[in-house]
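**Student:** Residue numbers (this note's numbering), protein chains in the order written: chain A, 35 to 146; chain B, 137 to 248.
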Amino acid sequence: QKEVEQDPGPLSVPEGAIVSLNCTYSNSAFQYFMWYRQYSRKGPELLMYTYSSGNKEDGRFTAQVDKSSKYISLFIRDSQPSDSATYLCAMSDSGGYQKVTFGTGTKLQVIP
Amino acid sequence: DVKVTQSSRYLVKRTGEKVFLECVQDMDHENMFWYRQDPGLGLRLIYFSYDVKMKEKGDIPEGYSVSREKKERFSLILESASTNQTSMYLCATRGRGDTEAFFGQGTRLTVV
Chain A
35 QKEVEQDPGP LSVPEGAIVS LNCTYSNSAF QYFMWYRQYS RKGPELLMYT
85 YSSGNKEDGR FTAQVDKSSK YISLFIRDSQ PSDSATYLCA MSDSGGYQKV
135 TFGTGTKLQV IP
Chain B
137 DVKVTQSSRY LVKRTGEKVF LECVQDMDHE NMFWYRQDPG LGLRLIYFSY
187 DVKMKEKGDI PEGYSVSREK KERFSLILES ASTNQTSMYL CATRGRGDTE
237 AFFGQGTRLT VV
């Protein structure tokens, strides 16, 4: 079993839809939870991160962490064609230089 | 503006060749990482370095080595390239104690 599971998609939605992206994990030591966005032929860039459980909102994006269920989500409201990308969840058990475990990524397409 | 620069976007090499992938950062970050990204497998850590001349194996170090002689430069070496090393290679950096990693644009390596 992989430490982090993520549905690869692809996920195709109409512009303006609410998008839900999810990851599950098995390592209860994970405390830092991140979402990266990767446009085609580019490197990933950090979108949001949360520490431990709870919600975090940034504009149209909301990240949720449920440590009891080992489940994290990223919600995108009013999705735009510019949101079309691959979204990778990532987790680590500490900050600093400790390695980060990535999900496989979910490819999202927002259709105008 | 943060910059992580990988020396090549695309490389084609022959089986058995020695291959060098270079990564340079201008952020004075202590930590540098090499990942490979493959469809369905996500990002997998090959090696990382938390200081000059220091290196640690990641999850899939076999067939690779690294060099970090200067803080800003981290090189990935394929001693004898094989076709199963055809992949997208991503370099990343992270400051000590930081959560966010900054990625380069990636090098798509094809071994024929």
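Note that CB positions come from ideal geometry on N, CA and C, so glycine has one too.
With DSSP run on the structure shown, which of helix, strand or coil describes ASP112 of chain A?
**Tutor:** If DSSP states are grouped into helix, strand and coil, ASP112 of chain A belongs with coil.
**Student:** Using the beta-carbon count (16 or more within 10 Å), is GLY93 of chain A buried or exposed?
**Tutor:** Exposed, by the Cβ-count rule.
**Student:** If I'm right that GLY329 of chain B touches GLY77 of chain A with Cβ under 8 Å, what's the distance once you round it to whole angstroms?
**Tutor:** No answer is possible for residue 329 of chain B: the residues shown for chain B start at 137 and end at 248.
**Student:** Kindly identify the DSSP beta-bridge partner or partners of LYS207 of chain B.
**Tutor:** DSSP, once it has assigned bridges, lists no residue as partnering LYS207 of chain B.
**Student:** Could you pull out every residue in the same chain whose Cβ sits closer than 7 Å to the Cβ of ASP195 of chain B, ignoring the five residues on either side in sequence?
**Tutor:** Excluding sequence neighbours, ASP195 of chain B sits near ARG180 and LEU181.
**Student:** Reducing DSSP to helix, strand and coil, say where THR243 of chain B ends up.
**Tutor:** Note: THR243 of chain B maps to strand in three-state DSSP.
**Student:** Please list the terminal residues of the continuous beta strand (DSSP E) segment that includes PRO175 of chain B.
**Tutor:** First-last for PRO175 of chain B: undefined, no H or E at that position.
**Student:** What span of residues does the beta strand (DSSP E) with ARG230 of chain B cover, start to end?
**Tutor:** Its beta strand (DSSP E) spans residues 223-230.
**Student:** For GLN161 of chain B, return the contacting residues in chain A, with the cut-off set at a CB-CB distance below 7 Å.
**Tutor:** Near GLN161 of chain B there are no residues of chain A at all, since even the closest Cβ is about 12 Å away, more than 7 Å.
**Student:** Along the chain, where does the beta strand (DSSP E) containing LYS149 of chain B start, and where does it finish?
**Tutor:** LYS149 of chain B -> beta strand (DSSP E) spans 146-149.
**Student:** Taking just the CA atoms, how far does SER128 of chain A sit from GLU37 of chain A?
**Tutor:** GLU37 of chain A and SER128 of chain A: Cα-Cα distance of roughly 16 Å.
**Student:** Using three-state DSSP, classify ASN89 of chain A as helix, strand or coil.
**Tutor:** Here ASN89 of chain A sits in strand by DSSP.
**Student:** What does the alpha-carbon distance come out to for the pair ILE145 of chain A and LEU122 of chain A?
**Tutor:** So the two alpha carbons sit approximately 20 Å from each other.
**Student:** Starting from GLY242 of chain B, find everything on chain A with Cβ-Cβ shorter than 8 Å and list it in chain order.
**Tutor:** Correct list: ARG75, LYS76 and GLY77.
**Student:** Look up THR138 of chain A in the DSSP assignment and give the residues it is bridged to.
**Tutor:** Note: THR138 of chain A sits in no beta bridge, so no partner.
**Student:** Can you check DSSP and say which residues form a bridge with LYS193 of chain B?
**Tutor:** According to DSSP, which records beta bridges pairwise, LYS193 of chain B is partnered with B:TYR183.
**Student:** With a threshold of 8 Å between beta-carbons, can MET125 of chain A be considered close to chain B, or not?
**Tutor:** Taking Cβ atoms only, chain B never reaches closer than 8 Å to MET125 of chain A, which makes this a no.
**Student:** Can you tell me whether ASP153 of chain A is helix, strand or coil according to DSSP?
**Tutor:** For residue 153 of chain A there is no data in the structure shown, the boundaries of chain A being 35 and 146.
**Student:** Can you give the Cα-Cα distance for SER74 of chain A and THR120 of chain A, rounded to whole angstroms?
**Tutor:** The straight-line gap from Cα to Cα measures roughly 8 Å.
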